[in-house]
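*Asks:* Structure below; questions to follow.
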């Protein structure tokens, strides 16, 4: 079993004992998403830590989008609840890359591939995305690749 999944389950038990409603609700939700991912497809499988991080990243993105939507709709209380859940999920994600680190990584890939112009964006993205491995959002990566290829 994945170590991260074990940690999530242990933390859920601790949150339930501490009567931490936000953490309990969030961890139950993410564990359900992990279980759903494990049984989807042709055959059931056990997710490794990389796959669990991908699921957590997807769940965190849902929380950010929901918080923005609630904020636009004037539901600040619900937006705050979504942000609180996102903060809980952030504890289980790898540290995010800083702007300088991302810029250097993209520059290195562009130099390696010899990519030039906006048409090479897909080629660069295919190389950068696995190296980033959940430490930066796709939109942020794409923006930096586009900026460097058009500069």
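In the numbering used here, the protein residues as written are 4 to 154.
All residues carry an ideal CB built from backbone N, CA and C; glycine is no exception.
1) Taking the alpha-carbon of residue 70 as reference, which of 87, 57 and 58 has the nearest alpha-carbon?
2) Taking the alpha-carbon of residue 91 as reference, which of 15, 12 and 26 has the nearest alpha-carbon?
3) Considering only the alpha carbon of each residue, which of 67, 41, 151 and 16 lies closest to residue 93?
4) Do residue 132 and residue 144 have their C-beta atoms closer together than 8 Å?
5) Let me make sure I understand the geometry here. Which of 30, 7, 5 and 6 has the alpha-carbon closest to that of residue 16?
6) If you draw a straight line from the alpha carbon of residue 117 to that of residue 111, how long is it in whole angstroms?
7) Grouping DSSP H, G and I as helix and E and B as strand, with all else coil, what is residue 11?
8) Which whole-angstrom value describes the C-beta separation of residue 135 and residue 148, a residue pair presumed to lie in contact below a C-beta threshold of 8 Å?
9) Straight-line CA distance for residue 153 to residue 119?
10) Beta-carbon within less than 8 Å of residue 34's beta-carbon, same chain only, minus the 5 sequence neighbours each way: which residues are those?
11) Can you tell me the Cα-Cα spacing of residue 74 and residue 28, whole angstroms?
*Replies:* Once the coordinates are examined:
1) Checking every option, the nearest Cα to that of residue 70 belongs to 87.
2) 26
3) 67
4) If you check the CB distance, residue 132 and residue 144 come in under 8 Å.
5) For residue 16, the closest C-alpha among the options 30, 7, 5 and 6 is that of 30.
6) 10 Å
7) When DSSP states are grouped into helix, strand and coil, residue 11 belongs to the helix group.
8) Between residue 148 and residue 135 the Cβ distance is about 11 Å, and since that is not below 8 Å, they are no contact.
9) One C-alpha to the other measures close to 8 Å.
10) 8, 11, 12 and 15
11) 21 Å
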